[in-house]
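Input: a single structure, listed below in structure tokens.
There are 2 protein chains.
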Amino acid sequence: MILTVTPNPALDLTWHVEALSPGATHRVPTAAARAGGKGLNVARVLHGAGHEVLALATTGGATGAEFTAELAASGVPHRLLAVRAPTRRSAAIVDDRRGETVVLNELGGPLAAEESTALHDSAVQLARDAGVVAICGSLPPGFGAEHLGELVAAIAASGVPVVADTSGPALLAAARAGAHVVKPNREELEQATGRAEPLAGARALLDLGAHLIVVSLGTEGLLVVGRSGAPVHARLPEPLHGNATGAGDAAVAAIAAALATGVDLAADTDAAARARLDLARRATAWSASAVLMPLAGELSPRHAELEAAVVATPIHEESR
Amino acid sequence: MILTVTPNPALDLTWHVEALSPGATHRVPTAAARAGGKGLNVARVLHGAGHEVLALATTGGATGAEFTAELAASGVPHRLLAVRAPTRRSAAIVDDRRGETVVLNELGGPLAAEESTALHDSAVQLARDAGVVAICGSLPPGFGAEHLGELVAAIAASGVPVVADTSGPALLAAARAGAHVVKPNREELEQATGRAEPLAGARALLDLGAHLIVVSLGTEGLLVVGRSGAPVHARLPEPLHGNATGAGDAAVAAIAAALATGVDLAADTDAAARARLDLARRATAWSASAVLMPLAGELSPRHAELEAAVVATPIHEESR
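Protein sequences, first through last, are from chains A and B.
Numbering-wise (the working numbering), the first sequence opens with residue 59 and increments by one.
Numbering-wise (the working numbering), the second sequence opens with residue 59 and increments by one.
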């Protein structure tokens with residue numbers, strides 16, 4: 059079972075607009091309202107791909123009630139902790155003509171100290187039955203980088219690999235706590251490490267304690283950088299356009315699915331090097347497949363065809 | 059008591075963004091979530107200004123539950139009819155730097171035939187205790203222009219003046235049914251009547267059966283056009299910038315408040331001509347005061363000062 063942990067879930071609202079015009083009023087069809095947050099999207103992708111998953115999140119208030127009802131209807135197995143602060147909203151406004159999406163992410167209400175402890179304890183307990191744990195997304199006030207670090211360390215200490223997809227100080231804390239894989243995007247990596255060059259940023263996270271870094275590069279694909287072996291750059295020959303919301307989550311799903319096979323992606327072996335190359339291909343294809351779908355958490359049926367088209371190239375550097 | 063009727067209410071979400079950027083992700087504070095739709099905004103303005111009001115609307119689904127809870131907390135007296143379709147959402151995204159607002163209005167789910175009848179019957183019954191009825195906003199599927207016309211006619215037949223603020227065929231139906239005042243904006247007026255010139259459009263609505271037309275012109279103020287007397291153009295010397303959502307609703311509130319005094323705004327008397335001039339000033343000032351507020355349904359405390367600054371000019375036409 060793959061456990062996903064979403065400390066700061068959101069009720070995701072997606073509106074499609076023919077052409078978004080500044081300062082104008084638009085008549086739009088009813089928003090798709092879904093239980094969201096990166097960990098929920100990861101769980102949806104894995105559930106859709108036939109993996110056994112469990113999504114752990116918090117819920118509160120009227121938005122939390124809608125979140126809970128939608129998640130129950132989705133069929134994705136889940137465990138929800140009731141908290142006092144209302145579940146935040148996230149809004150995606152897709153401009154169908156330009157293929158651009160404006161996203162508004164609310165920050166989220168605070169977790170009380172006992173709620174923060176309950177989230178930690180639930181995650182650690184559920185991780186005992188998990189083959190992989192993916193901890194995803196931003197953190198709410200009251201569950202900070204230090205709490206994330208403690209959670210990663212506790213799960214890693216029990217021998218279960220952790221994938222962390224977060225940003226800022228939390229990204230550094232996850233690496234320091236020994237996350238097996240850390241998946242920032244290019245901007246998050248630069249912001250957290252201060253290194254403009256993705257390979258240099260990835261190596262900074264490896265030096266902190268992470269075992270493998272996957273850097274998503276948007277239309278330029280992604281990088282897989284381990285402590286040993288050549289880094290791999292994977293990309294599609296032609297970038298795809300669509301709704302980029304959820305593309306990174308699809309990459310995290312591919313990472314979790316790879317770890318669930320029991321392979322040590324970070325090992326200094328030929329098998330691990332091949333597994334990293336396979337992962338780079340699949341994560342790139344799943345990301346691109348998510349871009350083709352109107353809502354986060356779904357893969358286009360074209361993912362296998364796209365995976366065959368991905369160009370994955372080991373990077374042999376002249377110098378470090 | 060002033061009754062407002064909102065056939066197609068919405069849960070209004072307002073997000074403030076420092077500077078909205080196409081295709082980008084923005085971290086934003088929690089949305090203000092309010093029971094909205096034009097009639098609710100009108101009721102809020104009137105309630106805030108000390109008038110006795112009753113807001114009639116429908117609610118349904120999870121969004122309806124949030125709508126109901128917020129309305130109860132607001133203190134605005136209301137009567138809600140439970141319907142099957144979930145209450146639609148409306149989203150306003152305010153770009154604080156540019157002072158521009160993007161609005162997304164969901165169309166709304168359908169009213170069943172018996173729900174449509176229940177709305178008509180409730181409005182007619184509550185109108186018996188009302189001095190004025192304001193029927194505001196778009197119409198949901200299942201309560202069309204012909205239903206609006208029947209409702210306006212039934213209330214007007216009982217001697218209670220009706221203000222209608224709607225668009226398209228519904229605007230024409232309200233005028234034909236003898237609405238005392240019809241308040242389109244310039245675009246709605248042109249679209250409904252096919253006349254590009256606001257005075258010509260207003261006269262087309264008078265010819266259909268409305269008694270008085272108020273045309274809101276955005277930063278150019280508004281026009282008050284009756285069957286007799288000179289039309290009045292009112293405006294501020296300098297336009298104000300801010301959140302235009304709810305500006306028209308504030309004008310409707312001013313119209314309803316004027317009718318609630320018992321004056322026949324459409325009469326061919328000097329008193330009525332003065333009342334139309336006063337209305338033009340107040341409606342312009344209340345609209346501008348709404349623009350200064352972050353949320354629809356509120357007036358800036360500056361409204362009295364703005365009212366004193368409004369320039370209201372009778373238009374003496376050379377020819378018709």
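Even for Gly, the Cβ is constructed at its ideal location relative to N, Cα and C.
Beta-carbon proximity check, residue i vs residue j, cutoff 9 Å
| i | j | result |
| --- | --- | --- |
| R142 (chain A) | G106 (chain A) | no |
| L209 (chain A) | T224 (chain A) | no |
| R244 (chain A) | V273 (chain A) | yes |
| L239 (chain B) | L61 (chain B) | The sequence given here places Val at residue 239 (chain B); Leu does not occur at that position. Result no, Cβ atoms of V239 (chain B) and L61 (chain B) do not sit closer than 9 Å. |
| G195 (chain B) | E173 (chain B) | no |
| V152 (chain A) | H84 (chain B) | no |
| A113 (chain B) | A131 (chain B) | no |
| I313 (chain A) | A330 (chain A) | no |
| T121 (chain B) | E128 (chain A) | no |
| L177 (chain B) | T116 (chain B) | yes |
| A203 (chain A) | A170 (chain A) | no |
| P372 (chain B) | P297 (chain B) | no |
| L275 (chain B) | P256 (chain B) | yes |
| A315 (chain B) | A343 (chain B) | no |
Distance between residue j and residue i (C-alpha atoms, nearest Å)
| i | j | result |
| --- | --- | --- |
| V221 (chain A) | W73 (chain A) | 30 Å |
| I193 (chain B) | A150 (chain A) | 32 Å |
| V368 (chain B) | R339 (chain B) | 6 Å |
| G236 (chain A) | P227 (chain A) | 15 Å |
| H374 (chain A) | V111 (chain A) | 37 Å |
| S347 (chain B) | S358 (chain B) | 5 Å |
| D265 (chain B) | I271 (chain B) | 11 Å |
| P65 (chain A) | R147 (chain A) | 14 Å |
| V182 (chain A) | V321 (chain A) | 22 Å |
| L229 (chain A) | K241 (chain A) | 9 Å |
| G217 (chain B) | L162 (chain A) | 48 Å |
| R332 (chain A) | T319 (chain A) | 14 Å |
| A156 (chain A) | A77 (chain A) | First, the residue type needs correcting, since residue 156 (chain A) is Arg and not Ala in the sequence shown. Between R156 (chain A) and A77 (chain A), the C-alpha separation is close to 7 Å. |
| A215 (chain A) | A324 (chain A) | 17 Å |
| M59 (chain B) | E158 (chain B) | 35 Å |
| A211 (chain B) | P219 (chain B) | 10 Å |
| D326 (chain B) | L317 (chain B) | 16 Å |
| A68 (chain A) | P87 (chain A) | 21 Å |
| R360 (chain A) | H291 (chain A) | 21 Å |
| V75 (chain B) | A89 (chain B) | 10 Å |
| A250 (chain A) | A305 (chain A) | 20 Å |
| I213 (chain A) | L353 (chain B) | 46 Å |
| N99 (chain B) | N301 (chain A) | 34 Å |
| A254 (chain B) | G252 (chain A) | 58 Å |
| L31 (chain A) | L184 (chain B) | Outside the shown range of chain A, which is 59 to 378, sits residue 31 (chain A), and nothing can be said about it. |
| R378 (chain B) | T277 (chain B) | For R378 (chain B), the predicted model reports a pLDDT of 45, less than 50, meaning its position is unreliable; a value from the coordinates is still stated below. Answer to the nearest angstrom: the Cα atoms are 26 Å apart. |
| T145 (chain A) | G279 (chain A) | 32 Å |
| A309 (chain A) | A188 (chain A) | 19 Å |
Neighbour-count burial assignment, residue i, 16 or more Cβ in a 10 Å radius
| i | result |
| --- | --- |
| H299 (chain B) | exposed |
| S79 (chain B) | exposed |
| D307 (chain A) | buried |
| T126 (chain A) | buried |
| S345 (chain B) | buried |
| R293 (chain A) | buried |
| D336 (chain A) | buried |
| D328 (chain B) | exposed |
| R186 (chain A) | exposed |
| R334 (chain A) | buried |
| D179 (chain B) | exposed |
| G119 (chain A) | buried |
| T303 (chain B) | buried |
| D70 (chain A) | buried |
| G97 (chain A) | buried |
| T355 (chain A) | A small fix is needed here, since residue 355 (chain A) is Gly in this sequence, not Thr. Buried, since its Cβ has 16 or more Cβ neighbours within 10 Å. |
| E365 (chain B) | buried |
| E246 (chain B) | buried |
| V175 (chain B) | Sequence inspection shows Thr at residue 175 (chain B); the Val mentioned does not correspond to that position. T175 (chain B) is exposed by the Cβ-count criterion. |
| G287 (chain B) | buried |
| A370 (chain A) | buried |
| G81 (chain B) | exposed |
| G108 (chain B) | exposed |
Supposed close pair residue i, residue j - CB separation, criterion 8 Å
| i | j | result |
| --- | --- | --- |
| A268 (chain B) | V103 (chain B) | Actually they do not touch by this definition, with Cβ atoms about 22 Å apart. |
The ligand PLP heavy atom lying under 8 Å from the CB of residue i
| i | result |
| --- | --- |
| S196 (chain B) | Because no ligand of any kind appears in the structure shown, any question about the ligand PLP cannot be addressed here. |
Q.
Counting beta carbon pairs with one atom in the region 90 to 104 of chain B and one in the region 124 to 139 of chain B, are three or more of them shorter than 8 Å?
A. Cβ pair count under 8 Å is three or more, so yes.
(Q) Could you check whether the region 252 to 270 of chain A touches the region 283 to 292 of chain A, counting it as contact only if at least three pairs of C-beta atoms, one from each stretch, sit closer than 8 Å? (A) Yes, the region 252 to 270 of chain A touches the region 283 to 292 of chain A.
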